[in-house]
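Numbering (this note's numbering), first residue to last: 89 to 680.
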C-alpha cells in the first residue's frame, strides 16, 4: 500500500497500490483489498451488514457470491475496485446508471484507474494526446452525441468504464462485461391509481435511503416537477420543511422564480435564490474545465457550479436534485414525437390525432411550431419504419460540422449508435438518453461540480428499482392529452402543491447563455478565435466560427425569432479553454 497525491490505483506485476488524496473507503480483509468511491444505500442487506463500511461490505459480498453478483446486489451510486490476492485478479465496477465516474489506463506491464482523468495523465507512460474523434464531436456536433461511445474519453490513452459494467484484469487478460441491463418486459396491467401508489412508494424509498446517507442535505429547486417531487417527498418523510437553493436570472426566458415561490411557501424552510450574474464567463469556465478535466457539455452546469460553491460555504454535505425525472416520465418536449409513433404503430388513430392536437394546443412555440404537419415531419425524420426504430437527428447532429476542419477529424464519417432494446419508440428514445445522450454528460458534470466543492450528490429518480419500474409503465401513463409525466402527477397528489403538480408548461432547467455570448464575452471570444494559438490548433475553421459569432450576436441583439448559436459557442469556449488549462499543461508525475 502506497500513498501519493492523486486518486488512483496501480496494478503492476502482481502488486497493488492505492494512492488517495480524496476520501474513498478502503479496506483490506481475507486476502482482498477494496476501494469504494460512493454510497451503498442498502448496506443492511449486504453480507457484512450495516455495521461495516462499504469497502468491507464489498469484500464480504464478493467472497460470498463473486464480483458481478455482488454488484447486482448493491443499490448505490458507486465506482469500486477490488483486488483478490489469492487469484491475482483486479476487479472494477460502476453503478447501473453511471452516477459515479471511473476511468482506467492499460499498458502491457501496468494498469491504473481513477475517478478523474488527471490522476491517470500524471502517470509515466500515459500519452498526452487527445482523442480527436471525441474532441471533434464536442466541438462541432450537438451535446447529445458527445457520450455516444460510453467507453471513450477526451484522452487517447484513457478509457471509461461504462455504466452497469465491470472490468476483470488477470495477468494480460482484460475483460469488460455488463452486469445489468434494461430490456423488453411486459407492461404493467394494473390501473393508474395502483401504479401511482407503487411509483410513490419507490420514490419515497429512494429519497429516504439517500437522506440517511446525508448529514445536512440541501435541495436544488426549479419550477418543474422533478426537483419539486424529490424535495416534497423529503418533507413528507421527515415531517419537516427542507432547505433549498435555486439559480435565478435577470433574463426571464429561463428564470423560474415565479413558479418556485408557491412551492416554497408550502414546503421550504429556507430558500436561497442565487442570482447567476456579474461573473466573468471566461474565468468561470477556466475554473470548471480544471475541476472537470474535460470540457463541460452545456451552459446549465455553469449555474450549478456557482450554486455548489455557495452551498459548500454554508456547511451542507449532500445536494439533492431531480436528474432522471424527465427521462423516466417522458418529460422532454421531444418525447411527444415518439409517443405519436407508438400510437400510430398500434393503430390507435383517434388517440394519435388527439395527442397531436393537444400537443399543438399546449406547447406551440414561436420558433418551434406545433401543428399536424410539423408532427408528421418530425415522425418522418426521427421515427424509422421498424418497430421502435429511433433515427439519428441529422439536422441536430450536423448543423455545425462546417465549423470543424475535416483535416482535424472528418465528422461526416460519424455514425452515432442508437440502441433499440424495446419495440416502443418512446422507450428506446428515453433509454438512449439515459445511457448514451443526456444523462451521462449531466451526471459527470454534477459529480465534478460537487466534488470540486467537497459535496456529495443524490438523484433519487435514478434509483435502479424506480428505473426498472418506469420502463414497464404504458406510454399513456406518461403522456396523455398533451400533458407529460402523468403517472408522476398522479403519484404526487397530496404531496406536491396543486399549482406545481398540475403545471403543464415547461421552462426546463437551462441558462441564458445567449446573453452571456452577447456582452463583453463575445469580444473576448472573437479575440480568442483570431489568436495564433487557436488557429494553429487546427480544430476549427476560423472564418466559419466568426460568421456564427456575428450571426448569433445579430439574432440576440435584434430579438429575431430564430434559433441562436449559444450551445455551439459554449462548446467552442469549453474546448479551447480545456486545451489551454488541461491539455497544454504538463501534469505532475505521481510517485509509483
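A virtual CB, placed ideally from N, CA and C, is assigned to each residue, including glycine.
8 Å contact criterion, which residue i and residue j should meet: CB distance rounded
{"i": "residue 534", "j": "residue 411", "result": "7 Å"}
{"i": "residue 408", "j": "residue 307", "result": "5 Å"}
{"i": "residue 299", "j": "residue 317", "result": "Contact flag wrong, Cβ pair sits at about 14 Å."}
{"i": "residue 610", "j": "residue 641", "result": "6 Å"}
{"i": "residue 248", "j": "residue 189", "result": "7 Å"}
{"i": "residue 492", "j": "residue 227", "result": "5 Å"}
{"i": "residue 113", "j": "residue 169", "result": "Residue 113 to residue 169, Cβ: 11 Å. No contact."}
For residue i, the residue or residues it bridges with in DSSP
{"i": "residue 361", "result": "334"}
{"i": "residue 114", "result": "123"}
{"i": "residue 453", "result": "Per DSSP, none; premise fails for residue 453."}
{"i": "residue 192", "result": "201 and 247"}
{"i": "residue 177", "result": "172 and 258"}
{"i": "residue 253", "result": "266"}
{"i": "residue 165", "result": "127"}
{"i": "residue 545", "result": "407"}
{"i": "residue 628", "result": "492"}
{"i": "residue 356", "result": "330"}
{"i": "residue 471", "result": "478"}
{"i": "residue 218", "result": "243"}
Candidates the options, of which the one nearest residue i by Cα
{"i": "residue 532", "options": "342, 393 and 347", "result": "393"}
{"i": "residue 605", "options": "479, 387 and 444", "result": "387"}
{"i": "residue 426", "options": "373, 363 and 512", "result": "512"}
{"i": "residue 574", "options": "229, 413 and 516", "result": "413"}
{"i": "residue 252", "options": "243, 265 and 472", "result": "265"}
{"i": "residue 198", "options": "245, 187 and 223", "result": "245"}
{"i": "residue 363", "options": "398, 375 and 349", "result": "398"}
{"i": "residue 268", "options": "162, 207 and 314", "result": "162"}
{"i": "residue 389", "options": "181, 530, 482 and 443", "result": "530"}
{"i": "residue 206", "options": "294, 598, 335 and 383", "result": "383"}
{"i": "residue 257", "options": "181, 346, 466 and 576", "result": "181"}
{"i": "residue 484", "options": "470, 321 and 402", "result": "470"}
{"i": "residue 355", "options": "324, 343 and 372", "result": "324"}
{"i": "residue 526", "options": "157, 156, 437 and 186", "result": "186"}
{"i": "residue 396", "options": "224, 567 and 360", "result": "360"}
{"i": "residue 465", "options": "424, 435, 498 and 658", "result": "424"}
{"i": "residue 200", "options": "150, 255 and 157", "result": "255"}
{"i": "residue 586", "options": "556, 124 and 312", "result": "312"}
Buried versus exposed, by CB contacts within 10 Å (16 or more), residue i
{"i": "residue 650", "result": "exposed"}
{"i": "residue 468", "result": "exposed"}
{"i": "residue 588", "result": "buried"}
{"i": "residue 455", "result": "exposed"}
{"i": "residue 219", "result": "buried"}
{"i": "residue 648", "result": "exposed"}
{"i": "residue 379", "result": "buried"}
{"i": "residue 627", "result": "buried"}
{"i": "residue 645", "result": "exposed"}
{"i": "residue 505", "result": "exposed"}
{"i": "residue 353", "result": "exposed"}
{"i": "residue 619", "result": "exposed"}
{"i": "residue 217", "result": "exposed"}
{"i": "residue 195", "result": "exposed"}
{"i": "residue 536", "result": "buried"}
{"i": "residue 497", "result": "buried"}
{"i": "residue 297", "result": "buried"}
{"i": "residue 146", "result": "buried"}
{"i": "residue 621", "result": "exposed"}
{"i": "residue 203", "result": "buried"}
Below-7 Å beta-carbon distance, residue i vs any chain D residue
{"i": "residue 378", "result": "The structure shown contains no chain D, having only a single protein chain."}
Simplified DSSP assignment, three categories, for residue i
{"i": "residue 670", "result": "helix"}
{"i": "residue 305", "result": "strand"}
{"i": "residue 223", "result": "helix"}
{"i": "residue 182", "result": "strand"}
{"i": "residue 568", "result": "strand"}
{"i": "residue 93", "result": "Residue placement at residue 93 cannot be trusted, given a pLDDT of 31 that sits under 50; the coordinates are not used to answer."}
{"i": "residue 664", "result": "helix"}
{"i": "residue 284", "result": "helix"}
{"i": "residue 531", "result": "helix"}
{"i": "residue 230", "result": "coil"}
{"i": "residue 276", "result": "coil"}
{"i": "residue 580", "result": "coil"}
{"i": "residue 350", "result": "helix"}
{"i": "residue 615", "result": "helix"}
{"i": "residue 497", "result": "coil"}
{"i": "residue 510", "result": "coil"}
{"i": "residue 310", "result": "coil"}
{"i": "residue 503", "result": "coil"}
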